[in-house]
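For the sequence shown, this note's numbering assigns the number 53 to the initial residue and increments by one for each residue that follows. See structure below.
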Amino acid sequence: MPKVRKAPDPALVEELVDAWTSLGRSHRKPERIDVLKKRQKQPNVCRLVGGAPAGGDIIAKRSSSGAVEPVLYEHVLAALPGTPRCHGIAPGRDGRRWTFLEHVDGERYAAGLAEHRAVIARWLGDVYSITSDMPLDQLLPGHDAGYYRNQLRKARDAISAAAVIAMIDKDGRSRLRTAVHHCDSLDRQWDAVEWLIEDVRPGLVHGDLQSKNIRIHDRGGSLRLIAFDWEFAGFGVPAADFAEFAVEGRWRELSGILDQMGFTYGSPADRLRRLATAGRIFGLITWLEWASRGVSPRDLGKIAIYNLMLPECLRSLNAEA
53 MPKVRKAPDP ALVEELVDAW TSLGRSHRKP ERIDVLKKRQ KQPNVCRLVG GAPAGGDIIA
113 KRSSSGAVEP VLYEHVLAAL PGTPRCHGIA PGRDGRRWTF LEHVDGERYA AGLAEHRAVI
173 ARWLGDVYSI TSDMPLDQLL PGHDAGYYRN QLRKARDAIS AAAVIAMIDK DGRSRLRTAV
233 HHCDSLDRQW DAVEWLIEDV RPGLVHGDLQ SKNIRIHDRG GSLRLIAFDW EFAGFGVPAA
293 DFAEFAVEGR WRELSGILDQ MGFTYGSPAD RLRRLATAGR IFGLITWLEW ASRGVSPRDL
353 GKIAIYNLML PECLRSLNAE A
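Rendered as structure tokens:
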């Protein structure tokens with residue numbers, strides 16, 4: 053049985069309709085508004101059903117004045133392939149902004165499909181080729197190796213603090229202490245992590261390039277990718293976006309991007325493997341930092357998975373050293 057959505061607050065409907073229609077005469081009043089996501093009990097992602105000029109749906113995302121995603125849509129993403137069309141950005145009534153985007157449909161990206169990976173590898177190459185020559189360091193937060201080290205230390209401190217929470221049992225505390233140990237081990241070897249990418253030119257980093265944020269369109273046998281949810285983007289070596297290519301020898305599938313990266317030493321195979329290894333480490337740190345926020349007993353399963361993956365990353369790092 054389909055889930056029945058609670059009607060949004062009338063004040064929210066009025067705010068969204070006013071913001072949307074203020075951006076152009078062709079912007080239709082939506083048939084209804086669905087709340088898709090909330091943050092701190094407030095709607096921050098909504099769907100304007102039938103609001104697009106041609107009658108399709110529009111996604112409205114609310115963000116603070118200093119958020120990264122609206123800046124990207126205003127200054128960067130229109131120049132890139134495979135990103136949602138932005139229909140405009142309008143102020144809300146509380147000092148925040150609404151970004152209005154085309155509704156993205158299509159097949160969910162599946163990393164296990166070689167044809168999907170080929171599409172994303174080409175797309176990553178195109179994005180890097182365009183953005184590595186842009187002065188994005190003044191526009192976006194830095195996503196260099198130091199950024200990921202700070203994320204690792206934040207995760208480590210949060211997990212360490214959670215290990216003394218009374219509601220977590222003895223087995224749970226053991227898992228948390230193991231995760232702290234692995235974090236400390238990785239932190240001590242950070243010079244080796246920096247070496248993996250020290251000669252790579254920076255570019256745009258999506259920062260959350262997971263299946264849930266990617267759709268694949270099949271247009272007459274030609275596959276096209278659209279990536280959305282850019283709220284964690286930054287400027288740095290985009291290794292984290294290549295994380296999935298670190299498994300099962302998939303790093304070989306990135307060969308088309310190699311000449312653009314600016315590597316100065318090592319064989320092509322060595323360079324690709326280094327990039328993929330760094331991506332695996334950075335991706336895992338990002339996920340661990342997310343999981344460490346407000347650790348509770350229900351998060352221990354995730355921590356257990358990371359306890360299996362972190363040693364694997366350390367072994368890969370030692371193999372590259």
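We put the beta carbon where it would ideally sit given N, CA and C, even for glycine. As the structure is a prediction and not an experimental result, all values here were calculated from the model.
If you compare alpha carbons, which of the options is closest to residue i?
i: A292; options: L327, I278, A279 and R276; result: L327
i: R276; options: C365, G301, H168 and D236; result: H168
i: G273; options: G76, V171 and I220; result: V171
i: L124; options: R325, S344, D189 and S74; result: D189
i: V289; options: G198, S348 and A356; result: G198
i: G194; options: G255, W282, G76 and R304; result: G255
i: R160; options: L261, I357 and A295; result: L261
i: A371; options: A330, W175, S263 and I266; result: A330
i: S237; options: R77, P363 and P122; result: P363
i: W247; options: D196, A279, A207 and I278; result: D196
i: E300; options: W72, G164, M219 and L132; result: G164
i: D322; options: R367, L336 and I249; result: I249
i: D239; options: D209, H258 and G224; result: D209
i: V347; options: R225, P95, G259 and Q92; result: R225
i: I357; options: M186, L340 and R367; result: L340
i: A215; options: R345, F284, G308 and G103; result: R345
i: V142; options: S116, L132, A166 and P133; result: In the sequence as displayed, the identity of residue 142 is Ala instead of Val. Of the candidates S116, L132, A166 and P133, the one whose C-alpha sits nearest the C-alpha of A142 is S116.
i: A119; options: G286, F334 and A106; result: G286
Which value, in whole angstroms, describes the spacing of the CA atoms of residue i and residue j?
i: D243; j: R201; result: 11 Å
i: M53; j: Q203; result: Annotation note: pLDDT 33 at M53 (below 50); position unreliable, coordinate value reported separately. So the alpha carbons of these two residues sit roughly 41 Å apart.
i: W150; j: W282; result: 14 Å
i: I266; j: A162; result: 9 Å
i: C138; j: D109; result: 13 Å
i: D157; j: K89; result: 17 Å
i: A130; j: N96; result: 23 Å
i: W175; j: L306; result: 11 Å
i: L64; j: H234; result: 45 Å
i: K354; j: A343; result: 7 Å
i: C98; j: R114; result: 9 Å
i: S184; j: K206; result: 29 Å
i: A295; j: T338; result: 11 Å
i: D86; j: R271; result: 29 Å
i: G134; j: G177; result: 12 Å
In the DSSP assignment, what are the bridge partners of residue i?
i: I249; result: According to DSSP, which records beta bridges pairwise, I249 is partnered with nothing at all.
i: G194; result: F287
i: T151; result: K113 and I141
i: L256; result: F287
i: E159; result: I268
Grab the span of the alpha helix (DSSP H) containing residue i for me, first residue to last.
i: D221; result: Here D221 belongs to no alpha helix (DSSP H), and DSSP marks it neither H nor E.
i: L176; result: A166 to T183
May I ask whether a heavy atom of the ligand SAH can be found less than 7 Å away from the beta carbon of residue i?
i: G164; result: As presented, the structure is devoid of all ligands, the ligand SAH included, so that no description of it is given.
Going by DSSP, what residue range makes up the beta strand (DSSP E) through residue i?
i: I355; result: Careful: I355 lies outside any beta strand (DSSP E), inside the alpha helix (DSSP H) at L352 to E372.
For a cutoff of 8 Å on Cβ pairs, would you count residue i as touching chain B?
i: Q203; result: Looking for chain B here will not work: only one protein chain is present.
Minimum length 3: unbroken beta strand (DSSP E) runs contained in the region 262-311: 266-271, 274-279 and 286-288
Taking the runs of the alpha helix (DSSP H) that are 4 residues or longer, which of them lie wholly in the region 60-120? 62-73
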